[in-house]
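Asks: Dropping a structure here in structure tokens format, bear with me for questions.
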Amino acid sequence: MKRSHAAAALVVLVVLAGCSTPFSGGAPSVPGGDGDDGADDSTAAAGGSTTDFSDPASDRLGWEAGYWHNESIDVDQSDGLSDAEIDAFVGRSMARVEYIRGIEFESEVPVEVIARSEYRNESSEVATPADSDFAAWNNQVWEALFISGEDENVQRQLSDTQGSSVVGFYSPSDDEIKIITETPDSPVIRNTTLVHELVHAAQDQRFDLTDDVYRGETQDSDLAIDGLIEGDANYVQREYSQRCASGEWECVATPSQNSGSSGPQPNLGILLTVFQPYSDGPVYVNSRKEAGGWAAVNDEFDSPPESTEQTIHVTDDDPVPIEFSDRARNGWELYPEQGTEGSDTVGEASIFAMFWYQARASNADTVDPRGLTRTDSPYDTYNYGAEPSAGWGNDRVFPYHKGSGPSAEYGYVWVTEWDTERDAREFLGAYRAILRAQGATQEADRVWVVAEGPYADAFRVTRSGTRVVIVNAPTTDDLSDVRPRG
């Protein structure tokens, strides 16, 4: 995984698989879908101005590895792809990515096919140990979001989500695309998967995706940066799919396959969170492209967005600073080596996912789950905007622990800042709705207790102007030790 906690370590293509309403329709994919998969690759080449398919005297956009973007190729996936067919498929797809995206590949892009079982095993092997300080710290971050409870290991859930839903990825460290399939001996590659990952390869060759500028310091900044990277890839993928669907380009037909996975079912709250860059990223990229062409998008790679608020609402608003002084006592401690001074920022996308997940899983009166599919842009897959999460100004989650090992106790302080007092009240009202859905009772002024279940704890929830502060601890007495009043 990357340093923070939602996005995967590798630039991946996520597919929401096997989810019921509102993730309806079986296995909806990233924008553009796979409408090109039914295209017939036996027709004559169409589109573009090139009619002479001889190699150019020098490299040029729209020609790569011996293939023009609108050239016919002899590829039939009905019985799986041979090595020669993969080479032709990849070569022409590289030319098409160049033609749409307007940047040149500097070198060939190897493609390796691996079995999903192998990928899942490798993902498990590199997962963060469950007893590490990072795992304990990160568990508290996701527990604060009411997405992963005390009885769950969020590192395992993240690994399971990635292992079950990733169909391909580009590895910047290996300069290679890896296609994940249930049938590695007779592989089939979706056009959209290949094109998506080739865009990442082009990004890496042009901008170097291993650079620190593409590694966020928090969960929110990671998702925001991925909004640019994945948004770029999804935008190109959508443009490619439209050319296939319209008949402008012939595209390699993909045999129908079972899109289900034999692995563990993903946590939908986690899945919705990590999918946000793929959904809102294309809208963000389209706004930049409309303003200044591909040059403006390229400029974004010099200074990627800093928050998911920016990619959700296509804004340049910066998060407001949040100062925090640790006042815990009686053995309660921060994790000073984790995150930013022991804290993480979950951001607007993760807060929306919290409200949506609790509405769907616990019938909390937070947001209408059906609103997820009500989008305003053709580039958008899901709507991550909602009243209780909009107006986000900043937030910091500070996980605490008392003791270590199996007998350790855990708590957190979550400081949220909102643009207006109304925004703060809307967040507070929806958050209290989650507590009520979890069976919480109000024990004292602003103190709630969830007696049983995966979120059983005491909570002190206060608002002062535009700031809402949530203190969590095992018991009401512990609340004053984690965060004394005043």
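Under the numbering used here, the sequence shown has 354 at position 354, and the numbering climbs by one with no breaks. We treat Cβ as the ideally placed atom computed from N, Cα and C, and that holds for glycine.
#1: List the endpoints of the continuous alpha helix (DSSP H) containing G347.
#2: Only counting the same chain, and skipping five residues up and downstream in sequence, which positions put a Cβ closer than 6 Å to that of Q140?
#3: What's the C-alpha gap between G149 and R243?
#4: Please report the distance separating the alpha-carbon of Q438 from that of A291.
#5: Going by DSSP, name the residue or residues bridged to E112.
#6: Between the alpha carbons of L479 and D222, how many angstroms are there, rounded?
#7: By the DSSP assignment, the beta strand (DSSP E) with D457 in it spans what residues?
#8: Return the chain-ordered list of same chain residues with a C-beta closer than 6 Å to the C-beta of E230, the five sequence neighbours on each side being excluded.
#9: Return the chain-ordered list of same chain residues with a C-beta closer than 7 Å to the C-beta of T366, the five sequence neighbours on each side being excluded.
#10: If we count Cβ pairs, one from each stretch, closer than 8 Å, do we get three or more for the segment 376-386 versus the segment 300-307?
#11: Counting Cβ pairs, one atom from each stretch, are 3 or more of them under 8 Å apart for the segment 103-114 and the segment 179-195?
#12: Would you identify the three-state DSSP class for Y400, choosing helix, strand or coil?
#13: Just the Cα atoms here: how many angstroms apart are W448 and Q442?
#14: Let me make sure I understand the geometry here. Which of I470, L228 and S407 has the alpha-carbon closest to that of I312?
#15: Would you mind working out which of G331, E250, E217 and Y99 sits nearest A408, comparing C-alpha positions?
#16: Could you tell me the distance, in whole angstroms, from the CA atom of W414 to the CA atom of L268?
#17: Do the segment 310-325 and the segment 183-195 touch if we need at least three Cβ pairs shorter than 8 Å?
#18: Tell me, which residues are paired with A444 by DSSP?
#19: Helix, strand or coil for V90, going by three-state DSSP, please let me know.
#20: On the CB-based measure, 16 or more other CB atoms within 10 Å of its CB, does Q265 come out buried or exposed?
#21: Check T311 in the structure and name its three-state DSSP category.
#22: DSSP has N472 in a bridge; who is on the other side?
#23: Going by DSSP in three states, T210 sits in which element: helix, strand or coil?
#24: Which term fits F207, buried or exposed, when burial requires 16 or more other beta carbons within 10 angstroms of its beta carbon?
#25: Using only the alpha-carbon positions, how far apart do Y67 and S159 sit?
#26: Give me the residue from V397, N394 and P369 with the minimum Cα distance to Y384.
#27: Can you check which of these residues, R446, G339, A135 and N70, is closest to K472 by C-alpha distance?
#28: Could you check whether E348 and W392 sit closer than 8 Å to each other, using their CB atoms as the reference points?
#29: Hey, could you find the ends of the beta strand (DSSP E) G168 is sitting in?
#30: Determine the DSSP secondary structure at W249, reduced to helix, strand or coil.
Replies: So, from the data block:
#1: G347 to S362
#2: P399, Y410 and Y412
#3: 45 Å
#4: 46 Å
#5: K178
#6: 31 Å
#7: D457 to S464
#8: P277, Y278 and G281
#9: F355, Q358, A359, P388, A430, A433 and I434
#10: no
#11: yes
#12: strand
#13: 4 Å
#14: L228
#15: G331
#16: 23 Å
#17: no
#18: V447
#19: helix
#20: exposed
#21: helix
#22: Y412 and F459
#23: coil
#24: buried
#25: 38 Å
#26: P369
#27: What sits at residue 472 in the sequence shown is Asn, not Lys. Checked all of R446, G339, A135 and N70; the closest Cα to N472 is R446.
#28: yes
#29: V166 to S171
#30: coil
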